[in-house]
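Q:
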Amino acid sequence: MTPKPSLPSPRPGIDDITPYKPGKATVEGVEHPVKLSANENILGCSPHAREAFVSAASDLNLYPDGRGNRLRAAIAERYRLEPERLILGCGTDEIFALLNQTYLRAGDNIVQGEYGFGAYAIGARANEGEVRLAPETNYRIDVDKLLECVDERTRLVFIANPANPTGTFIPLSEVERLHAGLPRDVLLVLDGAYAEFNSDPTFSDGVDLARGAENVVVTHTFSKLHGLAALRVGWAYAPAAVAAAIDRIRLPFNTSIAGQAAAVAALADEDFQARSLALVERWRPWLTQQLGGLGLEVVPPAANFVLIGFPRSGGRIAGEAEAFLARRGLILRGVAGYGLPDHLRLTIGLEAHNRAVVEALAEFLVRTSAPAEA
Ligand SMILES: Cc1ncc(COP(=O)(O)O)c(C=O)c1O
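Numbering (this note's numbering), first residue to last: 15 to 388.
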C-alpha cells in the first residue's frame with residue numbers, strides 16, 4: 015500500500031509564531047467606548063484627506079498607479095528626497111515584512127530591543143530568521159547591548175524611535191553610534207512611526223543619516239500623525255539598491271487609489287498636522303504629571319502615548335486596572351505580550367478622555383489599596 019502523502023505544512027517556524035494582537039476596540043456591555051489602545055489619531059484625519067478618499071469612490075473599477083507616483087513625488091518634495099529611493103507600502107508593516115523577506119536567509123537573524131515592536135519579529139520568523147532581543151535600560155534602547163547581539167548572521171537591526179510600546183527615544187548621536195558599530199552588510203531600519211511627535215532637539219528620524227548611507231532605511235507612516243490608519247499607507251526612504259530589490263517582489267498594487275489620494279492631501283494639510291501635534295504636546299506633560307502624582311510609574315513619553323507602570327504583581331494589578339477602565343468605557347492596551355505585564359499603554363486622547371482616565375485610575379488605586387475586608 016502506498017503511504018498517504020503528508021498534508022501541506024507551513025515552512026519551519028510559522029506554526030510557532032504568535033499572531034499580532036491589535037489593541038481592543040470593543041467592551042462587552044459598553045456602547046461607545048473610547049479606544050485609546052492603538053495610538054491612533056484621536057482627532058480623526060484631515061478633512062482634505064477625507065474628501066480625497068470620497069472622490070476616489072468614482073474610480074473603484076480602476077487599478078491604482080502601482081508606483082504611486084503622485085504620492086511618491088509629494089513625499090519626495092516635502093522631505094527633499096530622491097523619489098526613486100522611496101518605497102510605498104500597505105502600512106509600514108508591509109515594508110518591515112518585505113525587508114525581512116528580501117534580506118533574510120534561513121538561519122540569519124534580526125536584532126531589536128527587548129520591547130521592540132512586534133511586527134519585526136513576526137516577519138523574521140516567517141522567513142526562518144532568528145530574533146535576538148537586546149536588553150533595554152530603563153525601557154530605552156541600549157546601543158551597546160544591541161551591538162553585542164550582532165554577529166555574522168545578522169542581516170537587519172530594527173529600532174523604532176520613539177519606540178512602541180515604551181514611548182522612549184534615543185538621540186541621533188546614539189543612532190549614529192549604532193550605525194558606526196554595524197558591519198556594512200547589516201541594514202539598520204529606523205522606524206519613525208512616531209517621529210513627528212518628538213520635538214526634542216537631540217532627536218532626528220535619521221533621514222539625514224540615511225541620505226549618505228548604503229545600509230540605512232527610515233520608515234514613516236500615514237497611520238499616526240495623519241490619522242489614516244484605515245487606509246494602510248506607509249513609506250520608507252532606502253538606499254537605491256534596497257528600494258530596487260523591494261520593488262521586484264512587492265505586490266504590484268500594494269497601495270490603493272483612495273490611500274494614495276488621501277495621503278497626498280494629508281501631507282499638504284499642515285493645519286491638521288499642527289493641531290494633532292498641539293494636542294499631544296498639551297496633554298503629554300499633563301498626563302505624565304497627573305499619573306505620576308497618583309504614584310504610578312510613567313515611562314518618559316516621546317510619542318502620542320504614555321506607558322504606565324503599576325505595582326509589580328505579575329500583571330494582576332495592571333490587568334485589574336485595564337478591566338476597571340474598560341468598564342468605564344476607556345480602552346487601554348495591555349502590553350504583557352511585550353514582556354511588560356505590569357504596564358498599560360494609553361494613547362493620548364481629547365481633554366475629556368485624559369481627565370476621565372486619570373479620575374478612573376485615582377478611584378481604582380483607592381479601591382486597590384483598601385484592605386480586602388474593608
Ligand atoms: C512602532 C510602530 N511601527 C509601525 C507601526 C505600524 O504602522 P502602519 O500602520 O504604517 O503599518 C506601528 C503601529 O502601531 C508602530 O507602533
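Just so it is clear, CB atoms sit at the ideal spot from N, CA and C, and this is done for glycine as well.
Taking 6 angstroms as the limit between beta carbons, can you name the residues of its chain near residue 157, skipping five residues before and five after?
A: Numbered from its first residue, the sequence shown carries residue 157 at position 143. Same-chain partners within the cutoff: 188, 191, 192.
Q: In or out: residue 380 buried (at least 16 other Cβ within 10 Å) or exposed?
A: Walking along the sequence shown from the start, residue 380 turns up at place 366. The residue in question, residue 380, is exposed, as its Cβ has fewer than 16 Cβ neighbours within 10 Å.
Q: Decide if the segment 116-131 is in contact with the segment 154-173; the criterion is three or more beta carbon pairs, one per stretch, under 8 angstroms apart.
A: Because the criterion of three Cβ pairs below 8 angstroms is met, the segment 116-131 and the segment 154-173 touch.
Q: Is residue 451 near residue 359, with beta carbons less than 9 angstroms apart?
A: Because the chain spans 15 through 388 in this model, residue 451 falls outside it and cannot be assessed.
Q: Pull up the DSSP beta-bridge partners for residue 168, would you.
A: Along the sequence shown, read from residue 1 onward, the residue named residue 168 stands at position 154. The partner list for residue 168 (beta bridge, DSSP) reads 123.
Q: With DSSP run on the structure shown, which of helix, strand or coil describes residue 157?
A: To locate residue 157, count along the sequence shown from 1; it is residue 143. Three-state result, residue 157: helix.
Q: Taking 8 angstroms as the cut-off, is the beta-carbon of residue 219 closer than that to any non-hydrogen atom of ligand 2?
A: With respect to ligand 2, the structure offers nothing, as its ligand set consists of ligand 1.
Q: Can you say whether residue 294 is buried or exposed, counting buried as having 16 or more other CB atoms within 10 angstroms of its CB?
A: Counting from one through the sequence shown, the residue named residue 294 turns up at place 280. Residue 294 is buried by the Cβ-count criterion.
Q: Hey, would you say the C-beta of residue 270 is under 8 angstroms away from at least one heavy atom of ligand 1?
A: For the purposes of this step, residue 270 is taken as residue 256 along the sequence shown, with counting starting at 1. No, Cβ of residue 270 sits at least 8 angstroms from all heavy atoms of ligand 1.
Q: Considering only DSSP beta bridges, list what residue 204 is partnered with.
A: Taking the first residue of the sequence shown as position 1, residue 204 is located at position 190. DSSP output for residue 204 lists 173, 232 as bridge partner(s).
Q: Tell me the DSSP secondary structure of residue 144 in three-state form.
A: Within the sequence shown, residue 144 is the residue found at index 130, counting from 1. Strand at residue 144.
Q: Please classify residue 165 as buried or exposed, where buried requires at least 16 neighbouring CB atoms within 10 angstroms.
A: Against the sequence shown, residue 165 aligns to sequence position 151. Exposed is the call here.
Q: Indicate the three-state DSSP secondary structure (helix, strand or coil) for residue 359 in the structure shown.
A: Taking the first residue of the sequence shown as 1, we reach residue 359 at position 345. Here residue 359 sits in strand by DSSP.
Q: Would you check whether ligand 1 has a heavy atom nearer than 8 angstroms to the C-beta of residue 180?
A: Against the sequence shown, residue 180 aligns to sequence position 166. No; taking the cut-off as 8 angstroms, the Cβ of residue 180 has no heavy atom of ligand 1 nearer than that.
Q: Below 8 angstroms on the Cβ atoms is my contact criterion, and I expect residue 171 with residue 196 to pass it. Report the Cβ-Cβ distance as a whole number of Å.
A: The residue given as residue 171 occupies position 157 in the sequence shown. The residue given as residue 196 occupies position 182 in the sequence shown. The pair is a contact, with the Cβ atoms about 6 angstroms apart (cut-off 8 angstroms).
Q: Ligand 1 and residue 236: does any heavy atom of the ligand fall closer than 8 angstroms to the residue's C-beta?
A: Locating residue 236 in the sequence shown gives position 222, counting from the first residue. Because some heavy atom of ligand 1 lies under 8 angstroms away, the Cβ of residue 236 counts as near it: yes.
Q: Quick check on the burial criterion: 16 or more other C-beta atoms within 10 angstroms. Buried or exposed for residue 321?
A: Position 307 of the sequence shown holds residue 321. Looking at its Cβ environment, which holds 16 or more other Cβ atoms inside 10 Å, residue 321 is buried.
Q: Once you ignore the five residues that flank residue 41 on each side, which residues in its own chain have a CB closer than 6 angstroms to its CB?
A: Taking the sequence shown and counting its residues from 1, the one referred to as residue 41 is at position 27. The residues are 47, 340.
Q: Along the chain, which unbroken stretches of the alpha helix (DSSP H) at least 4 residues long are found entirely within the segment 239-326?
A: If we require 4 residues or more, the alpha helix (DSSP H) runs fully inside the segment 239-326 come out as 254-263, 271-282, 284-307.
Q: So, are the CB atoms of residue 136 and residue 248 less than 9 angstroms apart?
A: As a first step, residue 136 must be located in the sequence shown, where it is residue number 122. As a first step, residue 248 must be located in the sequence shown, where it is residue number 234. Contact: no.
Q: Helix, strand or coil for residue 31 per DSSP?
A: On the sequence shown, position 17 is the one that residue 31 refers to. Coil.
Q: Just the C-alpha distance for residue 194 and residue 375, rounded to the nearest angstrom, thanks.
A: Translated into the one-based positions of the sequence shown, residue 194 becomes position 180. Translated into the one-based positions of the sequence shown, residue 375 becomes position 361. Looking at the two C-alpha atoms, the distance is approximately 44 angstroms.
Q: Going by the CB atoms, is the gap between residue 288 and residue 240 shorter than 9 angstroms?
A: Indexing the sequence shown from 1 puts residue 240 at position 226. Indexing the sequence shown from 1 puts residue 288 at position 274. Not in contact: residue 240 and residue 288 (Cβ atoms no closer than 9 angstroms).
Q: Rounded to whole angstroms, what's the CA-CA distance from residue 218 to residue 309? Just pull it up for me.
A: Here residue 218 refers to the residue found at position 204 of the sequence shown. Here residue 309 refers to the residue found at position 295 of the sequence shown. Rounded to the nearest angstrom, the two C-alpha atoms are 32 angstroms apart.
Q: Starting from residue 372, trace the alpha helix (DSSP H) both ways and give me its first and last residue.
A: Here residue 372 is taken as the residue at index 358 of the sequence shown, counted from 1. Per DSSP, residue 372 belongs to the alpha helix (DSSP H) from 365-383.
Q: Contact defined as beta carbons within less than 8 angstroms: I believe residue 243 pairs with residue 54. What is the distance between those atoms, to the nearest angstrom?
A: Position 229 of the sequence shown, counting from 1, holds the residue named residue 243. Position 40 of the sequence shown, counting from 1, holds the residue named residue 54. Right, the Cβ-Cβ distance comes to about 5 angstroms (below 8 angstroms), so this counts as a contact.
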